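Structure first, commentary second.
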Amino acid sequence: MTWRNFFLTHKHQISLHGVIFLWGFTGILGKLISIPSISIVWWRMTIALLGLLAFLVITKRTIRTSPKKTLMYLTTGAITAAHWAFFFEAIKVSNVSITLTTLASTSLFVALIEPIFFRRKIIGYEVLFGLVTLAGLAIIFQAESEYSMGVLLALASAVLAAIFGTLNGVFVKNDRPTVITTYEMLGGVIGLSIYYLIVDQPFIIPNGIDWIWILILGLVCTSMAFVVSIEVMKTLSPFTVSISINMEPIYAIFFALIIFQDDEFMSPLFYLGGLIVMSTIFLNSYIKRKRTNA
Numbered sequence: 039m040t041w042r043n044f045f046l047t048h049k050h051q052i053s054l055h056g057v058i059f060l061w062g063f064t065g066i067l068g069k070l071i072s073i074p075s076i077s078i079v080w081w082r083m084t085i086a087l088l089g090l091l092a093f094l095v096i097t098k099r100t101i102r103t104s105p106k107k108t109l110m111y112l113t114t115g116a117i118t119a120a121h122w123a124f125f126f127e128a129i130k131v132s133n134v135s136i137t138l139t140t141l142a143s144t145s146l147f148v149a150l151i152e153p154i155f156f157r158r159k160i161i162g163y164e165v166l167f168g169l170v171t172l173a174g175l176a177i178i179f180q181a182e183s184e185y186s187m188g189v190l191l192a193l194a195s196a197v198l199a200a201i202f203g204t205l206n207g208v209f210v211k212n213d214r215p216t217v218i219t220t221y222e223m224l225g226g227v228i229g230l231s232i233y234y235l236i237v238d239q240p241f242i243i244p245n246g247i248d249w250i251w252i253l254i255l256g257l258v259c260t261s262m263a264f265v266v267s268i269e270v271m272k273t274l275s276p277f278t279v280s281i282s283i284n285m286e287p288i289y290a291i292f293f294a295l296i297i298f299q300d301d302e303f304m305s306p307l308f309y310l311g312g313l314i315v316m317s318t319i320f321l322n323s324y325i326k327r328k329r330t331n332a
């Protein structure tokens with residue numbers, strides 16, 4: 039099989055992993071960008087919003103929806119902004135490896151939050167996996183105690199990711215993803231703008247190479263990645279998507295080790311804790327697939 043035939047046969051899987059790499063690369067960009075975390079998120083969401091609006095204009099799509107839905111999307115956007123703020127701040131006070139490994143615990147919080155939103159019973163094995171995940175995180179916390187603040191910030195980011203991820207799971211059943219995401223980006227920009235008005239914190243305008251990193255973050259890692267992800271999700275199964283997304287921290291940590299080298303090398307106990315966390319995530323995805331097909 040030629041490379042061309044291989045690409046044509048697996049183009050959706052390749053595109054999906056390209057998107058996942060871009061999502062993981064946001065952590066690396068967060069470390070490269072020198073401005074404060076809140077400013078990074080404001081610029082990211084503003085640029086992403088403009089990119090999505092341009093996409094909607096080019097494709098002649100509308101974002102019309104009900105006032106009630108608009109308010110819900112805007113509020114969820116503010117939650118998303120807080121998630122990203124905690125995420126980037128965790129990277130700044132620790133590193134990419136600590137943050138992405140801890141953020142992988144999002145699935146634990148989803149398992150706790152989903153029964154509330156979808157009114158279903160808590161599944162026993164999800165509770166067990168949650169406890170195992172906590173054990174892995176405890177090992178990381180103990181092994182890298184100098185980065186304890188980074189772990190706590192990443193945990194806060196994971197909780198918020200579980201909340202807005204679960205909400206989006208409800209929203210997407212009743213509206214188009216482009217509509218939801220556009221309003222969420224707008225909600226994040228509005229929420230952070232209000233934050234700047236209330237809190238005595240200077241509004242930072244990027245300069246120099248920061249502009250390049252932020253444009254990549256907003257246009258490539260957010261707007262473009264979103265559009266491509268919608269297309270591949272129309273073709274690939276939910277299981278393929280979910281199991282592939284679990285590769286995000288692995289991609290991010292691998293490239294962070296290459297780019298930042300010594301700053302990203304952790305103790306053996308950290309990698310043990312990380313292995314426990316990642317193993318439970320993959321095992322959870324596998325069991326869900328088996329239960330769905332049963």
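Sequential numbering of the sequence shown, starting at 39, is according to this note's numbering. Where is the CB? At the ideal position from N, CA and C, for every residue including glycine. These numbers come from a predicted model, not from an experiment.
Local Cβ density within 10 Å of residue i, reported as buried at 16 or more and exposed below that
| i | result |
| --- | --- |
| N245 | exposed |
| L169 | exposed |
| E222 | buried |
| V95 | exposed |
| N133 | buried |
| P153 | exposed |
| V197 | buried |
| V208 | exposed |
| I236 | exposed |
| G203 | buried |
Contact set for residue i: own chain, Cβ-Cβ below 7 Å, skip 5 residues either direction
| i | result |
| --- | --- |
| P74 | I242 |
| A116 | G225, G226, G229 |
| V265 | F93 |
| L310 | I177 |
| S104 | none |
| I201 | I117, I151 |
| R99 | T216 |
| I66 | V134, A290, F293, A294, I297 |
Member of the options whose CA lies at the smallest distance from the CA of residue i
| i | options | result |
| --- | --- | --- |
| I247 | V210, K69, S267 | K69 |
| S53 | D301, S267, T137 | S267 |
| S77 | V208, W122, I66, L257 | W122 |
| V315 | L175, R82, W251, V270 | L175 |
| F308 | W61, S135, I101, I201 | S135 |
| F147 | I297, T171, S186 | T171 |
| G56 | L313, F298, I291, C259 | C259 |
| A149 | W80, A199, I250, K107 | A199 |
| I129 | K328, A194, Y234, Q239 | A194 |
| Y185 | I325, V165, T140 | T140 |
| A119 | T137, I101, V79, K98 | V79 |
| V189 | T137, T64, I297 | T137 |
| T64 | F293, K328, D300 | F293 |
| S183 | I325, V131, Y233, G203 | V131 |
| T84 | S317, G256, F298, Y324 | G256 |
| L313 | F124, I296, A173, K106 | A173 |
| F124 | N212, G203, L191 | L191 |
Cβ-based neighbour list, residue i, same chain, cut-off 8 Å, excluding 5 preceding and 5 following
| i | result |
| --- | --- |
| L46 | Confidence is the limiting factor: at L46 the pLDDT is only 49, short of 50, which leaves the residue's position unreliable, though a coordinate-based value still follows. None. |
Cβ shell of residue i (< 6 Å), same chain only, five flanking positions each side left out
| i | result |
| --- | --- |
| Q51 | none |
| L205 | T114 |
| S261 | A86, G89, L90 |
| A181 | S305, L307, F308 |
| F59 | Y289 |
| E286 | I58, W61, G62 |
| L253 | none |
For this session: Pair every Cβ in the stretch 208-220 with every Cβ in the stretch 100-115, then say whether three or more of these pairs are closer than 8 Å.
Result: yes
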